[in-house]
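The structure appears below as structure tokens.
Chains as they are written, first to last, in the numbering used here: chain A, 21 to 308; chain B, 489 to 594.
Here it is in structure tokens:
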């Protein structure tokens, strides 16, 4: 066979072997990956040497991403539900306590108002005692002016009235002071309870926001699950096969390079043979 | 029982000073009396009060409304003394008031 024919045949073999089928195979493989199929065959005879390497890397990385997403989903899929349940419980408890505190605020306000009313009553008792003391004092004065037994009787009556008035006034004064302190304490307690009620209201609002966030996380988790369901499983066996195919593609690439070298060598030998033939012809022509 | 004859003094407080009034001069004690001012009056006349339907002179400095007024009499002369507190009857006066001299009049 002539060297030129050998070279053309090799070139045609290379083109048939690597160019056209590789383009179609790579395109098919990429379409499969786009559909979620990571079990595509990345062998070089199907997708070409360069396509095999790129496709293998793509499949490997996308597969790792899908596996990581699935692992993360299995790890965290219960968290949003637990968070939503906890938020609901916190919100319900806060609502119950808030109702109780609102009643407590009303009760404290009523008690403080009642204490102020009783304080006014106690002040009235003090005023009555003072007026009674004045009456007893005037009675004694009248007795002193009358003199004799009348003076003694009025003096006795004045003494008793004064003692009673002193006791009543002292008790009423103590009662009024205690009621003043009680009213102040009730007002302070009401302010604190109102503050606690506001804190519970804020806690209830936070629980509602946490529940909403948990619901959003659940929706995102469901969406991720639906997206992951469309992908074919990528396991270690497939990855090993991909690695083998990549190695095979690399070996084939090396063989192609060696073939090209041999083709160049054949081309050089043909040139030498042609030179020798021409020299022989020239020599023959010179002799003739 | 206390002997009325032994309690002959009524202790009152005027400002920060305690004084005693003789029981024989006492007629009545008025609480928070309603005082009618007298135009161009000078101390010791602080105004007028009503006691048992009669108009009585109120003696005092007139600097503030009196907490009480003690009606005093010496013969036919009757007047009221403005005080800040009535402490009660005592037997031992420390600073007795000379009522006849007080009621000579402004």
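For each residue, glycine too, the CB sits at the ideal point set by N, CA and C.
Here residue 90 of chain A has 248 as same chain residues with Cβ atoms under 7 angstroms from its own Cβ, once five neighbours each way along the sequence are excluded. Note that the segment 501-513 of chain B does not touch the segment 63-75 of chain A; fewer than 3 beta-carbon pairs, one per stretch, sit closer than 8 angstroms. Per DSSP, the beta-bridge partners of residue 545 of chain B are B/536, B/567. According to DSSP, residue pairing for residue 560 of chain B in a beta bridge involves B/514, B/567.
Cβ-Cβ separation between residue 195 of chain A and residue 135 of chain A: approximately 11 angstroms, too far for a contact (criterion under 8 angstroms). Contact annotation for residue 154 of chain A against chain B: 517, 518, 519, 556, 574 [CB-CB distance below 9 angstroms, chain order].
Residue 158 of chain A belongs to the set of residues whose beta carbon lies under 8 angstroms from a beta carbon in chain B.
Residue-level contact by beta carbon fails for residue 542 of chain B and chain A, as no gap is shorter than 8 angstroms. Sorting A/93, A/77, A/260, A/145 by C-alpha distance to the C-alpha of residue 193 of chain A places A/145 at the top. Closest in alpha carbon position to residue 552 of chain B, among B/512, B/571, B/519, is B/571. At least one beta carbon of chain B lies nearer than 8 angstroms to the beta carbon of residue 151 of chain A. Between residue 231 of chain A and residue 104 of chain A, the CB-CB gap stays under 8 angstroms. By the rule that beta-carbons nearer than 8 angstroms mark a contact, residue 164 of chain A touches chain B. In chain order, 161, 164, 165 make up the part of chain A whose C-beta sits under 8 angstroms from the C-beta of residue 514 of chain B. Annotation: the continuous alpha helix (DSSP H) that includes residue 211 of chain A extends over 168-249. The C-alpha of residue 120 of chain A is placed about 52 angstroms away from the C-alpha of residue 155 of chain A. Per DSSP, the beta-bridge partners of residue 506 of chain B are B/501. For residue 511 of chain B, the nearest CB of chain A lies under 8 angstroms from its own CB, placing it at the interface with that chain.
The beta carbon of residue 200 of chain A sits closer than 7 angstroms to the beta carbons of 139 from its chain, once the five residues preceding and following it are set aside; these are given in chain order.
A Cβ-Cβ distance of about 7 angstroms is found for the pair residue 189 of chain A and residue 150 of chain A, placing them in contact under the 8 angstroms criterion. Taking the Cα of residue 575 of chain B as reference, the smallest distance to any Cα among B/550, B/534, B/556, B/521 is reached at B/556. Beta-carbon to beta-carbon, residue 157 of chain A and residue 517 of chain B are separated by about 5 angstroms, close enough to satisfy the 8 angstroms threshold. Secondary structure of residue 524 of chain B (DSSP, three-state): strand. Secondary structure at residue 573 of chain B: strand, using DSSP grouped into helix, strand and coil. The bridge partners DSSP lists for residue 584 of chain B are B/508. With distances taken between CA atoms, residue 268 of chain A lies nearest to A/70 out of A/24, A/70, A/82. Around residue 511 of chain B, the same chain offers 496 as residues with beta carbons nearer than 6 angstroms, after the five sequence neighbours per side are excluded. With respect to the C-alpha of residue 214 of chain A, the residue from A/225, A/118, A/168, A/137 having the closest C-alpha is A/118.
When the Cα atoms are used, residue 303 of chain A and residue 29 of chain A turn out to be separated by approximately 33 angstroms. Residue 568 of chain B is positioned such that its CB atom lies closer than 8 angstroms to that of residue 547 of chain B.
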